[in-house]
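Visitor:
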Amino acid sequence: MVENTVIITAENKEKTISRTIQSCINQTNKNFEIVIAYSRLENEIKIKKKFNSKRIFFYKIKKKLNNKVHDQIYKIQRLLKISRGKNIFLLDGDDIFLNK
């Protein structure tokens, strides 16, 4: 069973998403999955190749709401349904986890 799920909303965060994902990978607790939601992400293929792992999942959600807050909440709700972790962490595509 997965202990932790990190949900990242990455709408238009192509400049910072790699740093955000890497900060999750660098954690001492390795019992986690990372799920990333976006509608639009430039360099999507390049980012997916860089972080090709069985613990990292990218979900392109085609439905995009006009209100940014509602759109982010919608994406989080979708990912909560598929998350397997006992603990849930929410990050935006430009947030950074500190080590440990």
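Residue numbering for the sequence shown follows my numbering, beginning at 2 and increasing consecutively. Every residue gets a Cβ at the ideal spot worked out from N, C-alpha and C, and that includes glycine.
So, at 6 Å on beta carbons, what are the nonlocal neighbours of Phe90 in its own chain, with the 5 sequence-adjacent residues on each side left out?
Guide: Here residue 90 is taken as the residue at index 89 of the sequence shown, counted from 1. Cβ neighbours of Phe90 beyond the five flanking positions: Val7.
Visitor: Name the DSSP bridge partner or partners of Lys61?
Guide: Mapped onto the sequence shown, residue 61 falls at position 60. Beta-bridge pairing links Lys61 to Tyr39.
Visitor: Is Asp72 helix, strand or coil by DSSP?
Guide: Start at 1 with the first residue of the sequence shown, and residue 72 comes out as number 71. In the structure shown, Asp72 sits in a helix (DSSP, three-state: H, G or I).
Visitor: Judging by CA-CA distance, which residue of Ser24, Lys55, Asn32, Glu12 is the nearest neighbour of Asn44?
Guide: Start at 1 with the first residue of the sequence shown, and residue 44 comes out as number 43. The residue with the shortest Cα to Cα distance from Asn44 is Glu12.
Visitor: Just to confirm my understanding: we take Leu80, look at its own chain, exclude 5 residues before and 5 after, and list those with CB closer than 7 Å. What are they?
Guide: Counted from its first residue, the sequence shown places residue 80 at position 79. Here the set comprises Ile8, Val36, Ala38, Tyr60.
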